[in-house]
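Chemist: I am attaching a structure below and will ask some questions about it afterwards.
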């Protein structure tokens with residue numbers, strides 16, 4: 005019997021509805037009316053001969069058939085995008101481009117190594133690198149503004165329909181200049197002493213800021229005072245190097261060019277352990293140049309840390 009094939013517009017609308025878990029949010033993101041989107045989802049269900057969503061008062065969730073089709077629809081969309089990009093590249097109309105959203109350690113210490121190795125194999129592919137807070141980059145990833153996220157694997161980066169590749173472990177710490185007054189104290193430094201000194205912040209995520217506040221609260225100390233907030237990690241590091249300010253950041257920053265000369269305060273508390281790695285849409289690893297890029301990123305991180313995370317290609 006003849007089978008009608010859904011067009012790419014229907015597939016994209018289905019994927020966005022699944023990601024947003026409801027028609028109203030999906031319609032806003034797609035910039036179409038809710039009735040039009042609902043009609044198209046029903047049309048897709050008619051084509052496939054099965055219900056894709058269970059609808060309820062708070063939104064929609066995928067049926068078993070919907071979950072299966074969601075996985076395939078993502079791959080189809082990715083394959084189409086990259087096939088189109090490859091054709092444009094062959095015709096000389098446009099170079100292939102990959103957008104990476106990177107945390108500070110990745111941007112300063114890892115990606116320079118990655119770019120050189122990647123362009124040895126794919127000289128005509130362009131890498132775009134975006135930096136920002138973890139919350140901003142997670143939104144960029146979810147909305148398709150970046151292809152690969154590289155950084156701290158916080159809760160905000162664990163999204164439905166995305167693959168998380170954990171590569172290493174690190175933790176947060178309080179960074180200071182070796183000349184900071186707190187380092188003149190012998191032994192372990194307590195939260196009450198730290199709270200008396202100003203902090204500088206590089207657009208902290210809500211999760212990280214909340215953890216720091218809870219640590220100080222649990223120790224009966226006043227909340228830390230954030231005197232400066234900036235979108236530049238380089239400005240943060242320079243302010244800390246001045247000897248007046250403190251910064252709550254990943255311990256790995258001290259081994260990167262940005263954190264040169266900074267040291268960690270020795271404190272008797274858990275400072276938020278977290279994974280470091282990559283996040284991308286499910287199925288993206290099937291695209292050859294993206295798979296190669298992510299393998300190079302994994303190997304470059306291991307080389308930078310001087311450890312073997314056990315990751316295999």
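Numbering (the working numbering), first residue to last: 5 to 317.
From the three backbone atoms N, C-alpha and C, an ideal C-beta is built for every residue, glycine too.
Which ranges would you report for the alpha helix (DSSP H) in the region 45-130 if only whole runs of at least 4 residues count?
Modeler: As far as the region 45-130 is concerned, its whole alpha helix (DSSP H) runs of at least 4 residues are 68-95 and 115-125.
Chemist: Under 9 Å, do residue 165 and residue 84 count as touching if we go by C-beta distance?
Modeler: No, Cβ-Cβ distance for residue 165 and residue 84 is not below 9 Å.
Chemist: Could you tell me which residues DSSP puts in a beta bridge with residue 178?
Modeler: Beta-bridge pairing links residue 178 to 252.
Chemist: Below 8 Å, can you find three or more Cβ-Cβ pairs linking the region 190-205 to the region 159-173?
Modeler: Short answer: they don't touch.
Chemist: May I ask you to verify whether the region 265-280 touches the region 42-58, counting CB pairs closer than 8 Å and requiring at least 3?
Modeler: These segments do not touch.
Chemist: Just curious, the alpha helix (DSSP H) that residue 292 is in, first and last residue?
Modeler: Run containing residue 292: 292-309, per the alpha helix (DSSP H) assignment.
Chemist: Can you tell me which of the three DSSP states residue 277 falls into?
Modeler: If DSSP states are grouped into helix, strand and coil, residue 277 belongs with the strands.
Chemist: Between the region 283-298 and the region 219-233, do at least 3 Cβ pairs fall closer than 8 Å?
Modeler: These segments do not touch.
Chemist: Round the Cβ separation of residue 252 and residue 212 to the nearest angstrom and send it over; I've been treating them as touching at under 8 Å.
Modeler: Right, the Cβ-Cβ distance comes to about 7 Å (below 8 Å), so this counts as a contact.
Chemist: From residue 43 to residue 156, what does the alpha carbon distance come to, in whole angstroms?
Modeler: So the two alpha carbons sit approximately 39 Å from each other.
Chemist: Roughly how many angstroms separate the alpha carbons of residue 13 and residue 79, rounded to a whole number?
Modeler: The alpha-carbon atoms of residue 13 and residue 79 are separated by roughly 14 Å.
Chemist: Looking only at its chain, what residues have a beta carbon closer than 8 Å to the beta carbon of residue 21, apart from the 5 residues adjacent to it on each side?
Modeler: 27, 30, 41, 45, 57 and 64, listed in sequence order.
Chemist: Mapping DSSP to helix, strand and coil, what is residue 202?
Modeler: It is a strand residue.
Chemist: Could you name the residues of the same chain whose beta carbon sits closer than 7 Å to that of residue 110, not counting the 5 residues immediately before and after it, in chain order?
Modeler: Once the five neighbours on either side are set aside, the close Cβ partners of residue 110 are 154 and 155.
Chemist: For residue 173, list the residues DSSP reports as bridge partners.
Modeler: Looking at the DSSP assignment, residue 173 forms a beta bridge with 279.
Chemist: Would you grab the beta carbon distance between residue 82 and residue 178 for me? Rounded to a whole angstrom, and I think it's under 8 Å.
Modeler: Contact doesn't hold; Cβ gap of about 41 Å is too wide.
Chemist: Less than 9 Å between the beta carbons of residue 161 and residue 176, yes or no?
Modeler: No, the Cβ-Cβ distance between residue 161 and residue 176 is not below 9 Å.
Chemist: Is there at least one Cβ from chain E nearer than 9 Å to residue 253's Cβ?
Modeler: Among the protein chains of the structure shown there is no chain E, as only one such chain exists.
Chemist: Quick check on the burial criterion: 16 or more other C-beta atoms within 10 angstroms. Buried or exposed for residue 285?
Modeler: When all chains shown are included, residue 285 counts as buried.
Chemist: Determine which residues share a DSSP beta bridge with residue 156 and list them.
Modeler: Residue 156 is bridged to 280.
Chemist: Once you ignore the five residues that flank residue 38 on each side, which residues in its own chain have a CB closer than 8 Å to its CB?
Modeler: Same-chain partners within the cutoff: 27, 28 and 31.
Chemist: Assuming the contact rule is C-beta atoms closer than 8 Å, residue 133 and residue 106 should be a hit. Round their C-beta distance to whole Å, please.
Modeler: With a Cβ gap of about 6 Å, residue 133 and residue 106 count as contacting.
Chemist: Kindly indicate the opening and closing residues of the alpha helix (DSSP H) around residue 234.
Modeler: Residue 234 -> not in any alpha helix (DSSP H); beta strand (DSSP E) instead, spanning 229-234.
Chemist: What is the rounded straight-line gap between the Cα of residue 182 and the Cα of residue 247?
Modeler: One C-alpha to the other measures close to 8 Å.
Chemist: Determine whether the beta carbon atoms of residue 146 and residue 23 lie at a separation below 9 Å.
Modeler: Yes, these two residues count as a Cβ contact at 9 Å.
Chemist: Just curious, the alpha helix (DSSP H) that residue 210 is in, first and last residue?
Modeler: First-last of the alpha helix (DSSP H) with residue 210: 210-222.
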